[in-house]
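Each position in the sequence shown, counted from 1, maps to that position plus 229 in the working numbering.
Where a beta carbon is used, it is the ideal one built from N, C-alpha and C, also for glycine.
Inspection log for the structure reproduced underneath, given as C-alpha cells.
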Amino acid sequence: MPLTFDDLLARARSLPRGGRRAILGIAGSPGAGKSTLAGHLVRELNETGEPWAAHVPMDGFHLADAELDRLGRRDRKGAPDTFDAAGYAALLRRLREEADGGEEAEGDTVYAPGFERELEQPIAGAVPVPPSARLVVTEGNYLLLESGAWARVRSRLDEVWFCEPAETERVRRLVARHERFGKSPEDAVAWALGSDQRNADLVAASRDRADLVVPEGAVPLTRP
Numbered sequence: 230m231p232l233t234f235d236d237l238l239a240r241a242r243s244l245p246r247g248g249r250r251a252i253l254g255i256a257g258s259p260g261a262g263k264s265t266l267a268g269h270l271v272r273e274l275n276e277t278g279e280p281w282a283a284h285v286p287m288d289g290f291h292l293a294d295a296e297l298d299r300l301g302r303r304d305r306k307g308a309p310d311t312f313d314a315a316g317y318a319a320l321l322r323r324l325r326e327e328a329d330g331g332e333e334a335e336g337d338t339v340y341a342p343g344f345e346r347e348l349e350q351p352i353a354g355a356v357p358v359p360p361s362a363r364l365v366v367t368e369g370n371y372l373l374l375e376s377g378a379w380a381r382v383r384s385r386l387d388e389v390w391f392c393e394p395a396e397t398e399r400v401r402r403l404v405a406r407h408e409r410f411g412k413s414p415e416d417a418v419a420w421a422l423g424s425d426q427r428n429a430d431l432v433a434a435s436r437d438r439a440d441l442v443v444p445e446g447a448v449p450l451t452r453p
C-alpha cells in the first residue's frame, strides 16, 4: 500500500513516549515540501485542546546578510556554512532537556528564531514552543549531514523523514517560490539550477540516513 498522509500523522503522533517530548526531523532538498508537510502535521495534531505539537524550522538559523557579506558567502546563501549549525543543535538539545527535566527550568516556553521570506532574514524569538508541546517538528535541508556542527543534529532527533518528490516538480516549486518572493523569472531559474542545485545534490547524498522516505503523493499539495 502507498504511504499516505494519515500514515505519517499516526507515526508522528506515536513518537512521544513515557511522558517525554519527541523531536521529529523532516529533511530534503530545497523545494521538496518539507515545510508544507510539517505545517500540515502540526495543524492536524493541534486540532483540539492546547498546543500538542510545535513547528521549529531550521531556516531561523540562517546567518544574517550582513554576516554573510563579511564572510564573503552571500552569493551562495543557503549552503551549509551559511547557517548557525551549532546554534541549531544547541536549540534542539534545549528543547529536549527543558521537557525532560534537565538543567533548564521546567514549564518555560522556549523561543526559537523564525525566517521571514519576504525579507530573506532570520527573526529572533519568533517561534514559541510551549511546555504543552509533546512533539516538536523541525525541518530543513541539512538534518542528516555528518560534517561539522551538523553532525550533532541527528542524535537529537527521534526520527528523520526525507521528503522526495519528483525532481521536475521539486525544481518547478522552487522556481515558483523564488519568483513569489521577488526574483525575476530568469534569476529564479538561475538560482534554482545553480546554488540551490548544488545544495540539493549534497542533501540527496544524505538520504540513506533517514528513517523514512516520504514520496510526493503522501504530502498535501497546498500549504496549511
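Among the options, whose alpha-carbon lies nearest the alpha-carbon of residue i?
| i | options | result |
| --- | --- | --- |
| I212 | T367, Y371 and E279 | What is shown of the chain runs 230 to 453, which leaves residue 212 out entirely. |
| H284 | V365, Y340, L274 and L320 | V365 |
| G377 | E408, Y317 and R272 | Y317 |
| F234 | A439, E327, L300 and C392 | C392 |
| R272 | G248, R299 and A241 | A241 |
| D337 | S361, L232 and P394 | S361 |
| V432 | V358, E327, A447 and G307 | G307 |
| P286 | P231, L372, R325 and A447 | L372 |
| R305 | A429, G254 and P357 | A429 |
| R406 | A395, E445 and A421 | A421 |
| W379 | A295, D440, A315 and E398 | A315 |
| D467 | G247, L232 and G254 | One cannot answer for residue 467 here, as it falls past the ends of the chain, which runs 230 to 453. |
| A282 | V356, G343 and D298 | V356 |
| T397 | R436, E445, D298 and D440 | E445 |
| K263 | L403, A434 and E296 | L403 |
Let's test the definition: count the other Cβ atoms within 10 Å of the Cβ of residue i and tell me whether it reaches 16, buried, or not, exposed.
| i | result |
| --- | --- |
| P245 | buried |
| E332 | In this prediction, E332 has a pLDDT of 45, which is less than 50 and means its spatial position is unreliable; nothing more can be read from the coordinates. |
| S243 | exposed |
| P259 | buried |
| R427 | exposed |
| D425 | buried |
| G369 | buried |
| T451 | exposed |
| A267 | buried |
| R249 | exposed |
| G257 | buried |
| S413 | exposed |
| G423 | exposed |
| P359 | exposed |
| A447 | buried |
| E327 | buried |
| L300 | exposed |
Quick one: grab the DSSP three-state call for residue i.
| i | result |
| --- | --- |
| L372 | coil |
| L238 | helix |
| E347 | coil |
| V448 | coil |
| E415 | helix |
| P309 | helix |
| A295 | helix |
| A433 | helix |
Pull up the CB-CB distance for residue i and residue j, whole angstroms please, since I reckon it's below 8 Å.
| i | j | result |
| --- | --- | --- |
| V389 | R383 | 7 Å |
| E347 | F410 | 6 Å |
| D310 | R302 | 7 Å |
| L320 | A341 | 6 Å |
| L237 | V442 | Rounded, the Cβ-Cβ distance is 12 Å, inconsistent with contact. |
| R325 | R385 | 6 Å |
| R363 | V339 | No, R363 and V339 are not in contact; Cβ-Cβ is about 14 Å, not under 8 Å. |
| H269 | P449 | 5 Å |
| R401 | A261 | With 8 Å as the limit, R401 and A261 do not qualify as a contact, their Cβ atoms being about 12 Å apart. |
Below 8 Å, can you find three or more Cβ-Cβ pairs linking the region 349-359 to the region 278-292? yes
Taking one C-beta from the region 402-422 and one from the region 273-283 each time, how about it: are there three or more such pairs within less than 8 Å? no
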